[in-house]
Each structure stands twice: as structure tokens, then as C-alpha cells.
Amino acid sequence: MGLELYLDLLSQPCRAVYIFAKKNNIPFEFKHVELFKGQHYREEFGKVNILKKVPALKDGVFTLAESTAILLYLSRKYNTPDHWYPSDTQKRARVDEYLSWHHTNIRGKAGKTLWIKVLIPLFTGQTLPPEKLQEVMDELAISLKQFEEKFLQDKPFIVGSEISLADLMAIVELMQPIGVGCDIFEDRPKLSEWRNQVEEAVGKELFQEAHELILNIKELGNIQIDPQLKEHLAPLLRKMMK
Amino acid sequence: MVVELFLDLLSQPCRALFIFAKKNNIPFEFKHVELLKGHHLREEFGKVNVLKKVPALKDGAFTLAESIAILLYLSRKFNTPDHWYPSDLQKRALVDEYLSWQHTTIREKGCKIFITKVLVPLVVGQPFSPEKLEEAVEELNSALKQFEEKFLQNKPFIVGNEISLADLVAIVELMQPVGCGCDIFENRPKLVEWRSRVEEAVGKELFQQAHEIILNVKNPSTTQLSPELREHLKQLLKP
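In the order they appear, the protein sequences are chains A and B. According to our numbering, the first sequence is numbered sequentially starting from 4. According to our numbering, the second sequence is numbered sequentially starting from 8.
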């Protein structure tokens with residue numbers, strides 16, 4: 004039995020795992036877990052990841068959650084090119100440093116734009132006042148400033164001259180606001196240049212393929228939402244709308 | 008030149024680093040960055056970590072932020088015993104899995120309790136909000152349930168039979184609510200047992216030493232915050 008990756012490309016970390024596996028020709032079975040259909044709450048999937056989240060990995064009897072852990076596991080098992088997670092101690096530390104900071108700074112903040120602009124209206128039928136989006140954009144702007152000042156600086160990539168897991172995790176997150184029409188690259192030439200470089204390093208075709216769903220999210224206006232999913236999300240939605 | 012670790016033991020990730028370095032006899036210079044005195048906002052410290060946070064490391068010209076990155080760096084540079092970050096692929100993945108998950112769960116919710124009960128009152132000069140504390144405690148409870156169900160289960164440690172970075176990072180976070188009088192170990196026998204094992208693996212004396220400050224965190228009204236720090240915190244703690 005081969006490697007199984009449980010993914011929905013709507014999810015940023017799923018895109019990172021997808022791109023990484025494809026780019027490195029890692030053979031895997033794409034197990035589609037459709038978030039809008041609430042498939043992540045099914046008992047079957049719960050056996051793969053009790054946390055009921057994507058991405059998740061199944062390798063024989065071994066199951067694994069958390070995109071960072073999955074990316075590192077794949078890089079080691081399949082001996083991917085050094086630049087993804089450099090063996091040089093200090094370069095590796097820089098990747099670790101970004102991957103750690105990412106969780107509470109870029110991740111979550113970038114994704115909130117999708118919630119405010121698409122998901123909350125979709126689930127509740129209510130649109131939020133523009134101030135709510137502005138709040139999210141302001142918070143994201145702070146993180147982007149730190150991203151440019153500390154992590155990117157004047158380098159082509161976060162760690163030196165080649166793409167690493169750090170760039171991959173960052174870029175997929177920053178594409179989320181793009182999908183809902185918040186162009187965070189506009190007026191940020193350095194960030195824009197970095198994005199182009201990352202796209203090129205990944206391969207434009209693969210990058211587009213991974214992002215097709217999120218870049219066309221607005222067309223999902225008429226999608227059927229699983230009622231159980233709505234129920235599960237109710238407390239989270241209430242909190243986000245406060 | 009010896010490694011410099013910029014720490015304040017009030018901070019959970021600083022404690023993890025302190026314990027790890029001491030336990031493994033890693034020679035380092037303890038550079039005290041007193042958070043309540045706003046030392047982390049000073050220009051001097053900004054040169055070590057532009058994010059103005061602790062912990063931070065300086066190893067010659069190389070500076071590093073983020074406790075997890077620092078722990079991994081030290082484990083590699085000083086070739087610490089395998090159990091901290093096992094070379095076995097799957098065991099290592101399980102450590103990575105916990106270290107990733109904990110940021111927005113155990114760490115975030117544990118911090119929230121400390122912020123609600125100790126920090127906000129310190130900044131605004133009013134007693135803490137019981138509703139907000141209850142909310143924070145409930146959120147941590149959810150995280151603790153997942154911690155016990157997925158990460159600990161019936162094992163002695165998060166990854167197998169020996170302590171790893173996962174347990175270390177977890178325990179220091181869970182001591183923060185304890186320090187503010189929220190005994191999250193009460194009525195959680197499995198967690199209590201795990202805590203005892205971790206304390207023993209670390210060494211009780213070292214564990215106590217690392218936690219002395221948080222376990223004796225002074226009554227907020229007796230601590231003077233500088234005006235700059237107060238302003239900075241007001242911005243940071245905006246609801």
C-alpha cells in the first residue's frame with residue numbers, strides 16, 4: 004500500500020504538501036477530503052486524523068497530521084534536494100525559524116480574509132461590515148512588514164538563493180487573500196518579486212494547478228454546504244463575527 | 008565565544024530552552040532580558056532579535072529567534088542524546104507534529120490565561136474579567152482534551168518511552184496557568200502522571216529552578232511597568 008495524502012486544495016497547508024510531493028515526484032494517492040461537504044468530520048477520516056483536519060498522511064499504518072511535520076517527513080523519506088531543508092545547520096535553523104513564526108503570524112491572518120469575504124457570508128447568509136475586513140488586512144499588514152524586514156530582507160528567498168520549505172509554506176498562505184480579491188502583493192514590489200521567483204522555482208504550471216480552486220473560489224457562490232458542517236462551525240463563526 | 012541565550016524565565020519558551028541547555032550541559036551565557044522592565048523593546052536587544060521577543064540566541068555573528076528553531080539548532084550543534092529529537096523517521100515526525108500543533112492550541116490558550124489573569128490587569132490597573140478567564144480556560148480545556156486523546160494517549164511520553172522536545176515544550180506551557188493559580192492538572196490524573204515523569208526526566212531541581220519565577224509571579228499591583236512598556240502592551244493586548 005502506497006503513500007496516501009488526504010487533501011483539499013482549498014486549504015493552504017494542503018497546497019504546500021501537494022506542490023512539494025508533485026515537484027519532487029513523490030508517488031502518492033490523492034485522497035480528496037472535501038471540506039465543504041464536511042468530509043473531514045466523517046468517522047472514516049477520523050481514523051486517519053483524529054483532529055479532523057487536512058492535510059493528513061497515511062503511510063502504511065503510520066498516520067501523521069500537521070503540514071510542517073508531513074513536509075519534513077516526506078523530505079527525509081524521499082531524500083529531496085537539499086535546498087528544501089538545507090543540511091547546513093544555520094540555514095536549516097533559518098527555515099525552522101520561519102516555519103515556527105509562520106503559525107501565529109502569516110497563517111491564520113492571511114486565511115481570515117477568506118472567512119470574512121466568502122465563508123461567513125456563505126455559512127450564515129450575512130455579510131460583514133467593511134471594518135471587519137479592514138481590521139484583518141491591518142493585522143496582516145503588520146505581519147507582512149515583519150516578513151519583509153526580518154525573513155525576506157534583500158534576499159531572493161527566505162533562506163539564501165534557493166527555494167525552501169519556508170517559501171513554500173509562506174506563498175500558499177499568501178495566495179488565500181488573492182483568491183478573494185485582496186491583492187496583498189499590490190504596492191509591495193519586493194514581495195511581488197519574491198512571489199514570482201517562488202512560482203518559477205515551483206514551476207508555473209504546478210503552481211497554477213494547485214491554486215486553481217482558491218483562485219476561483221468566488222464561483223462557489225451556489226455551492227451546497229453540508230448542514231452538519233454548518234452546525235460544527237457555528238461556535239467558530241459566532242466568535243469570528245463578534 | 009560561548010553561545011548567548013537571551014531569556015526571561017517568565018516566558019514559557021525561554022524555560023524550555025533554559026532546561027534543555029542546562030540538562031545537556033550546553034555552555035551558554037544567560038543574558039537576562041527582563042520583560043516586565045521592557046528590556047525586549049530596547050534597541051540593543053533589537054539587534055539580536057528584530058522581532059523584539061525572547062528567547063533569542065546569538066552564536067558568534069549568527070542570531071536566531073523562535074524557541075523551536077533554537078532548540079533544534081542546539082540539539083544539532085551539541086549533538087544531544089537521540090531521544091530529544093529521535094533519528095527514527097516516524098518518531099521524529101511525531102515530535103514535529105506536536106511542535107507544529109501546539110502553537111495555536113496549548114501555547115496560545117495557555118498564554119491567554121496568563122494574559123487575562125495577570126497581564127491585562129497589570130496594564131489597565133483593574134482586576135481581571137472572570138468571564139474572559141472562563142472563556143480562556145474552556146479553550147484550554149478543549150486543547151487539553153486533544154492533547155490527552157491524540158498526543159499522549161496511554162504512552163509515558165508524547166513519543167514513546169523517553170522524554171523529547173515535544174514533552175519539554177508542552178510542560179513549560181502548561182506551567183503558565185499553574186503559575187497564575189489555574190491548576191489545569193487538577194482532575195486530570197493521566198496528565199499529572201505525565202507531568203511527574205517529565206519532571207523526573209528533566210530533574211526535579213532543574214525543573215524547580217526554571218519555574219521559580221512563574222510560580223511566584225508577583226501580585227500585579229506591586230509591579231511597576233514603565234510607561235513605554237505599558238503603551239506597547241496596550242497596543243498588543245487590544246481585544
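We put the beta carbon where it would ideally sit given N, CA and C, even for glycine. It should be emphasised that the depicted structure is a prediction, and the values quoted were computed from it without experimental measurement.
Suppose the cutoff is 6 Å on Cβ atoms and the five residues either side in sequence are ignored; what does the same chain contact list for residue i look like?
| i | result |
| --- | --- |
| B/Asp66 | Val10 |
| B/Ala23 | Ser74, Leu175, Val176 and Val179 |
| A/Asp229 | Lys40 and Gly41 |
| A/Ser78 | Trp87 and Tyr88 |
| A/Thr107 | none |
| A/Asn52 | Ala59 and Ala68 |
| A/Asp170 | Phe160, Ile161 and Val201 |
| A/Leu117 | Gln179 and Val183 |
| A/Leu54 | Ala68 |
Apply the 10 Å Cβ neighbour rule to residue i and answer buried if 16 or more other Cβ atoms are within range, or exposed otherwise.
| i | result |
| --- | --- |
| A/Phe33 | exposed |
| B/Val131 | exposed |
| B/Arg99 | buried |
| A/His35 | exposed |
| A/Glu196 | exposed |
| A/Ile217 | buried |
| B/Pro184 | buried |
| A/Val20 | buried |
| B/His234 | According to the sequence provided, residue 234 of chain B is Pro. The question's His does not apply to it. Result: exposed. |
| A/Met4 | exposed |
| B/Ser94 | exposed |
| A/Ala237 | exposed |
| A/Leu239 | exposed |
| B/Ile170 | buried |
| A/Gln211 | exposed |
| B/Glu138 | exposed |
| A/Lys258 | Because chain A here runs from 4 to 245, residue 258 of chain A falls outside it and cannot be looked at. |
| B/Leu243 | exposed |
Along the chain, where does the alpha helix (DSSP H) that runs through residue i open and close?
| i | result |
| --- | --- |
| A/Ala169 | Leu168 to Gly182 |
| B/Lys241 | Pro234 to Leu243 |
| A/Ala59 | Per DSSP, A/Ala59 belongs to no alpha helix (DSSP H); it is in the beta strand (DSSP E), Ala59 to Asp62. |
| A/Ile217 | Lys207 to Leu218 |
| B/Ser136 | Counting along the chain, B/Ser136 falls outside any alpha helix (DSSP H), and DSSP gives it neither H nor E. |
| B/Lys116 | Ile113 to Phe121 |
| B/Val179 | Leu172 to Gly186 |
| A/Arg97 | Thr92 to Asn108 |
| B/Trp91 | No alpha helix (DSSP H) contains B/Trp91, which DSSP labels as neither H nor E. |
| A/Phe3 | Residue 3 of chain A cannot be examined here, being either before or after the span of chain A that is shown, 4 to 245. |
| A/Leu117 | Lys112 to Leu117 |
| B/Val57 | From DSSP, B/Val57 is part of no alpha helix (DSSP H); its letter is neither H nor E. |
| B/His46 | Counting along the chain, B/His46 falls outside any alpha helix (DSSP H), and DSSP gives it neither H nor E. |
| B/Pro20 | Gln19 to Lys30 |
| A/Ile123 | Ile123 to Thr127 |
| A/Leu12 | That residue, A/Leu12, is in no alpha helix (DSSP H); it is neither H nor E in DSSP. |
| B/Val267 | Residue 267 of chain B lies beyond the range of chain B shown here (8 to 246); nothing can be said about it. |
| B/Glu2 | Residue 2 of chain B cannot be examined here, being either before or after the span of chain B that is shown, 8 to 246. |
| A/Pro238 | Pro230 to Met244 |
Go to residue i, then tell me how far its beta strand (DSSP E) extends in each direction, as first and last residue.
| i | result |
| --- | --- |
| B/Lys38 | Phe35 to His39 |
| B/Val10 | Val10 to Leu14 |
Looking at the strands, I want to know which residues DSSP matches up with residue i.
| i | result |
| --- | --- |
| B/Thr70 | B/Lys65 |
| A/Leu67 | A/Leu60 |
| A/Glu32 | A/Glu7 |
Excluding the 5 residues preceding and the 5 following residue i in the sequence, name in chain order all residues of the same chain whose CB lies nearer than 7 Å to its CB.
| i | result |
| --- | --- |
| B/Glu206 | Phe214 |
| B/Val144 | Ile120 and Cys189 |
| B/Val40 | Phe13, Leu14, Asp15, His46, His47, Phe52 and Val61 |
| B/Val55 | Phe13, Ala63, Lys65 and Thr70 |
| B/Cys21 | Leu14, Asp15, Val61 and Pro62 |
| B/Met8 | Gly67 |
| B/Phe25 | Leu14, Leu16 and Ala217 |
| A/Glu151 | Lys193 and Leu194 |
| B/Glu155 | Lys197 and Leu198 |
| A/Phe188 | Leu194, Ser195 and Arg198 |
Short of 8 Å in beta carbon distance, which residues of its chain neighbour residue i, apart from the five on each side in sequence? Order them along the chain.
| i | result |
| --- | --- |
| A/Arg95 | Tyr88 and Pro89 |
| B/Lys59 | His47, Leu48, Phe52 and Gly53 |
| B/Cys187 | Ile120, Phe121, Lys124, Val125 and Val224 |
| B/Trp201 | Leu159, Pro163, Phe164 and Asp174 |
| A/Val139 | Lys112, Lys115, Thr116 and Ile119 |
Query raised in the report: Using 8 Å as the threshold, is the segment 199–213 of chain A in touch with the segment 160–170 of chain A, meaning 3 or more CB pairs across them?
Result: Taking a contact to require three or more Cβ pairs closer than 8 Å, the segment 199–213 of chain A and the segment 160–170 of chain A qualify as touching.
Requested in this report: State whether the segment 63–70 of chain A contacts the segment 14–23 of chain A, with contact taken as three or more CB pairs (one from each stretch) at a distance under 8 Å.
Outcome: Look at the beta carbons and you see the segment 63–70 of chain A touching the segment 14–23 of chain A: at least three pairs across the two are nearer than 8 Å.
Query raised in the report: Do three or more CB pairs link the segment 189–200 of chain B to the segment 143–161 of chain B at distances below 8 Å?
Result: Per the Cβ contact rule, the segment 189–200 of chain B is in contact with the segment 143–161 of chain B (3 or more Cβ pairs under 8 Å).
Query raised in the report: Does the segment 109–120 of chain A come within contact of the segment 133–143 of chain A, defined as at least 3 CB pairs closer than 8 Å?
Result: The segment 109–120 of chain A is in contact with the segment 133–143 of chain A.
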